[in-house]
Structure formats: structure tokens, C-alpha cells
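Contents: one structure, followed by commentary.
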Amino acid sequence: MKWQNALKDYQLYLKIERGLSENSIENYSRDVKKLMVYLESHNIDEAPTTITTEIIQGFIYSISKSVNARSQSRIISGLRSFFSYLVFEDYMTSNPLELIESPKIGRKLPDTLSENEINDIINAIDLSKPEGERNRAILETLYGCGLRVSELINLKISDLFFNEGFIRVTGKGDKQRFVPIIDVTQKYINIYRNEIRNHLNIQAGFEDTLFLNRRGKQLTRAMIFTIIKQLAEKIGLKKNISPHTFRHSFATHLLENKADLRSIQLMLGHESITTTEIYVHLDKSHLTNVVEEFHPRRQSLKK
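All letters in the sequence shown, in the order written, are residues 1 to 303 by UniProt numbering.
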């Protein structure tokens, strides 16, 4: 089996069987391509099905000189998935990464913004410009609904159920969920739609797309990043923030205000509760408050 054929089959598996997005498929593919480059540069003529643990160890040693432990761990995870696929399809009998351990890394907590910082960023938007109302609606939606940037740019007008107080979000693997949307977020979306969007020359194919650029087409992920970076610079914010920071802040602030993890998990679209649990580490006082308020032994002292 040739590398290109194996990679193509693997990409198809990730798309069809696992339902991953194009971005996720590209990330997994990039890890395999790094190994392919290493093999070629070291004149190692091995097919995917004959790769040994020793070859993988040599590859990991070579990349350890240029990438940090977190990146190494991600690459190892990606390769482990690739070779697990080959084993699953009976091209191999064992995974060469089975005994390979990922480097020990600390759990990285996501950056968050305070409520005041979020207000400062939104208040810095120049509403005298046509894109100002759009940008305010974008940030209010990111923070108000905890969306991923890909979910935001793909949001449709037909996904808005304001009378019921929800929006329909299409997340990873095309899985849909309904997320509550508060009145203030609805207000700014409606202002944008009525005062800005309705006056655009909307291009064919984007009639149902909510957030559009001035040419009437869907916004890109890069554009959302740029909007946020420019606003952060405008207010002199030193934190390195991105669209995902608003999603993290959404979850953290809900937790701080005593929302339960299960509800946050459903709103964020996390498949596993363990992914949501990282927010507990941001505010350990929440756990103390839960025990103080709800443990029966604590209650007995108040009687």
C-alpha cells in the first residue's frame, strides 16, 4: 500500500465514518504528512503497513528538537489514529504507536475575559460604520451563545427561533443542537438584520447566511479573528485572544454564576463531559460553594 493511497482512504474514513469537519481532517492529515516527509528525508523506504515502532521513535526524536511537548503529543495522537485505522481495516496486525507514550504536559487552561473586558471590547466597536452593527451582533452572539467560530460563520437565518428563545447550531460532525439565546443578543442581531443586512447586495447562495461581508458573501474565519484582534489592540488589551476566548468566557461565567456542568456541556456541544470539566479548574471556588450550600452536613450546622 502506497502512502498517498493510505492517506486518501484515511481521509475518506474520517469524513464518512467519523463525520469530521474539513479542518479536523486536514489536521489529522498534516500529522501523517510530517511522517512522510521524515521518511523521505531520511531515505527510509517503508510502506505504511511496514512502519515499525523504532521508525516512529526516530521520527518523534527528530521533531522534539523543533516542537514543544504539546505539539508532539498532538502529532503522536494523530499518528496513533492513522495506524489504528490501518489495523481496523486489516492492513496491519498491530499499531506501531501502541507502546509510544506522549510527553507529559500540563493541562492548559483556556484564556478568558472578565465581564468588564468583554464590555470594553464591544464598546470599542465603531457603530458609525456599517460593519459596526454587524460586528457588535457577532461578538454578542459569540459570547451570548458560546459558539465556535465555524458555527458562527455558518449560522443561518433559518436557524433563528427567536420566538422560542433558541438558535439551531451545526457543530462538529454536522451534529445539531439548540442553544438558548438571550433577549439582548436577539436585539443586536435584529438591529444588524434590519439596518445593515437588508440593504446589502446579497450574492446568490448566501441568502440564508446570517453574517455577511460588505460584498454580500459569507464571512471567513480569518475575518472574525481580525475583527477581535483589532478591537483588543484598540483598548490596549494585553491578553492573546481569539473568537474561542468568547466561548471560554461564556462557559466560565455561567459556571461562576452556579450553572451546572451538564447544562454547559449541552450548550457548548461537547461530546464528553470531561471536555467541559476543564472550566471547573478555572474557578475552584465554585466547588467549594456547591459543598457549602448543598452538603447535608453543612446544612445540619445551620439548624
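Backbone N, C-alpha and C define an ideal beta-carbon position, used for all residues, glycine too.
Following the continuous alpha helix (DSSP H) through residue i, name the residue where it begins and the one where it ends.
i       : result
Val-37  : 22-41
Ile-60  : 53-63
Val-179 : It is not in any alpha helix (DSSP H) - Val-179 instead sits in the beta strand (DSSP E) that spans 176-180.
Thr-245 : 243-256
Ala-6   : 3-16
Arg-214 : Element bounds for Arg-214: n/a, residue is neither H nor E.
Asn-194 : 183-195
Phe-225 : 221-234
Asn-135 : 130-145
Leu-79  : 69-88
Arg-262 : 261-268
Ile-202 : Here Ile-202 belongs to no alpha helix (DSSP H), and DSSP marks it neither H nor E.
Leu-152 : 149-153
Asp-120 : 115-123
Going straight from the alpha carbon of residue i to that of residue j, what length do you get?
i       : j       : result
Lys-217 : Thr-245 : 25 Å
Ser-84  : Ser-94  : 8 Å
Phe-162 : Asp-90  : 50 Å
Gly-58  : Lys-34  : 13 Å
Leu-97  : Asp-31  : 13 Å
Ser-64  : Thr-49  : 24 Å
Asp-159 : Lys-2   : 44 Å
Asn-194 : Gln-11  : 42 Å
Arg-80  : Ser-24  : 15 Å
Val-67  : Tyr-13  : 28 Å
Gln-176 : Arg-18  : 15 Å
Glu-131 : Glu-115 : 23 Å
Arg-168 : Asp-174 : 12 Å
Lys-258 : Ala-251 : 11 Å
Glu-207 : Glu-40  : 48 Å
Lys-229 : Thr-141 : 17 Å
His-199 : Glu-22  : 32 Å
Lys-239 : Ser-71  : 22 Å
Go through its chain and collect everything with a Cβ distance to residue i's Cβ below 7 Å, but skip five positions before and after it.
i       : result
Arg-221 : Val-149, Ser-150, Ile-153
Ser-249 : Thr-112, Leu-113, Ile-118, Tyr-143
Gln-186 : Phe-162
Ile-202 : Leu-212, Gly-216
Lys-15  : Ile-25
Can you list, in chain order, the residues of its chain whose CB lies under 6 Å from that of residue i, leaving out five sequence neighbours each side?
i       : result
Ile-224 : Val-149, Pro-243
Leu-219 : Ile-153, Phe-211, Asn-213
Ile-189 : Ala-137
Ser-102 : Ser-73, Ile-76
Val-87  : Asn-95
So residue i packs on residue j, CB below 8 Å; how close in whole Å?
i       : j       : result
Ala-137 : Leu-231 : With a Cβ gap of about 14 Å, Ala-137 and Leu-231 do not count as contacting.
Glu-133 : Ile-235 : That belief does not hold up - the Cβ atoms of Glu-133 and Ile-235 are roughly 19 Å apart, past 8 Å.
Ile-76  : Ile-44  : Contact doesn't hold; Cβ gap of about 18 Å is too wide.
Ile-241 : Leu-255 : Wrong, their Cβ atoms sit about 19 Å apart, outside the cutoff.
Ser-62  : Tyr-28  : That belief does not hold up - the Cβ atoms of Ser-62 and Tyr-28 are roughly 20 Å apart, past 8 Å.
Gly-171 : Gly-269 : 4 Å
Val-179 : Met-267 : 5 Å
Arg-247 : Gly-146 : 5 Å
Ile-122 : Leu-139 : 5 Å
Ile-55  : Glu-46  : 6 Å
Ile-60  : Asn-135 : Not confirmed; about 43 Å, so no contact.
Go ahead and label residue i buried or exposed: buried means 16 or more other beta carbons lie within 10 angstroms of its beta carbon, across all protein chains shown.
i       : result
Thr-52  : exposed
Tyr-192 : buried
His-42  : exposed
Glu-26  : exposed
His-253 : buried
Thr-209 : buried
Leu-127 : exposed
Specify, as a first and last residue, the run of the beta strand (DSSP E) that residue i falls within.
i       : result
Arg-168 : 166-170
Below 8 Å CB to CB, which residues in the same chain sit around residue i once its five sequence neighbours on both sides are set aside?
i       : result
Asp-120 : Ile-235, Leu-237
Leu-20  : Leu-14, Tyr-28, Lys-172, Gly-173
Would you please verify whether the beta carbon of residue i is less than 8 Å from any beta carbon of chain D?
i      : result
Ser-71 : Considering every chain present, this structure includes no chain D. It has just one protein chain.
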